[in-house]
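Structure, as structure tokens:
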Ligand SMILES: Nc1nc2c(ncn2[C@@H]2O[C@H](COP(=O)(O)OP(=O)(O)OP(=O)(O)O)[C@@H](O)[C@H]2O)c(=O)[nH]1
Ligand SMILES: [Mg+2]
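Numbering (the numbering used here), first residue to last: 457 to 726.
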């Protein structure tokens, strides 16, 4: 009987072992069996090494995120990490939000994209300072990128720093940036099933903005079905239906920002 998987195959019969990382090794107890076992263990070592490296990266990120968070608390900066799949409308939503917030508060934006300065340029057109961080092959922003960005773009004291993460419904969910709130945008053209397919992102959200509501009359999208799917991964999450194009739902979104923004001593709510 094979001593590795206990599968009952006789010595010499070629068969397969599924390894911890999902790889499959063909193996027999005849000639070359020892080699096959060594090969299998190499796979397991590699899988364990990969898990350790990922854990180290995440714990180093968490340490930097904690430093960022302390720094933001000291400067009274409210930091909102805006995440979504590509094209859900994060930048369009930010442009309208910044215009509506006007000059009442100090504002700044960090833009994350793999390439180009297109989004930061769109933000700067509103008069709000913005810094583009290009992640190259990377699929998300991390806490160290935010720390570095702050050497060029100081955190607005007593104001709001919006971070637009790389358009991606997977990777940004795992990386704390030191933000106060995570806001996930999903547009009505993406389908009601996305919270079930990308649960980590929606489970991490403090608020979900359902954008492009102006398109609802042209689609089969059911807002109720999306909300039911959202509740399955994040029971109490707040949901607002908005349109960055028409401004629908913006009073509620701006109200949410105001309600969650830390207030300076003696400052009254708007
Ligand atoms: N109809 C409609 N279109 C919108 C709305 N918001 C954004 N769009 C359009 O959707 C497209 C993508 O918008 P962006 O704001 O660039 O999306 P994004 O999430 O910043 O995209 P990435 O940064 O590339 O991930 C653009 O063509 C916008 O004009 C909306 O509320 N309604
Ligand atoms: Mg964008």
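For glycine and all other residues, C-beta sits at the position ideal for the given N, C-alpha and C.
Quiz item: Between the C-alpha atoms of residue 572 and residue 542, what's the straight-line distance to the nearest angstrom?
Solution: 14 Å
Exercise. Could you work out which residue in 686, 609, 589 is closest to residue 640 when comparing CA atoms only?
Key: 686
Self-check item: Assigned secondary structure, residue 568 (DSSP; H/G/I helix, E/B strand, else coil)
Solution: strand
Practice problem: Between the Cα of residue 680 and those of 633, 651, 659, spot the shortest distance and give me the residue it belongs to. | Solution: 651
Quiz prompt | Option in 706, 624, 692 with minimal Cα separation from residue 666 | solution = 706
Quiz item: Beta-carbon separation of residue 629 and residue 539 under 9 Å?
Solution: yes
Quiz prompt | Contacts around residue 701, its chain only, beta-carbon distance under 6 Å, and the 5 residues preceding and following it disregarded | solution = 670
Quiz item: Helix, strand or coil for residue 624 per DSSP?
Solution: coil
Quiz item: How would you call residue 668, buried or exposed, if buried means at least 16 neighbouring beta carbons within 10 angstroms?
Solution: buried
Quiz item: Do you know how far the Cα of residue 563 is from the Cα of residue 642?
Solution: 24 Å
Practice problem: Would you grab the beta carbon distance between residue 588 and residue 716 for me? Rounded to a whole angstrom, and I think it's under 8 Å. | Solution: The Cβ separation is near 26 Å, so there is no contact.
Exercise. Assuming residue 654 contacts residue 682 (C-beta within less than 8 Å), just tell me the rounded distance between them.
Key: The pair is not a contact, with the Cβ atoms about 13 Å apart (cut-off 8 Å).
Exercise. Output the distance between the C-alpha atoms of residue 709 and residue 530, rounded to the nearest integer angstrom.
Key: 25 Å
Self-check item: residue 416 versus residue 673: straight-line alpha-carbon distance, rounded
Solution: Because residue 416 is not part of the residues shown, which for the chain are 457 to 726, the question remains open.
Practice problem: Answer yes or no: do residue 579 and residue 617 have a C-beta to C-beta separation smaller than 9 Å? | Solution: no
Self-check item: Residue environment, residue 558, which counts as buried when at least 16 other CB atoms sit within 10 Å
Solution: exposed
Quiz item: Can at least three beta-carbon pairs, one atom from the stretch 506-514 and one from the stretch 603-611, be found at a separation below 8 Å?
Solution: no
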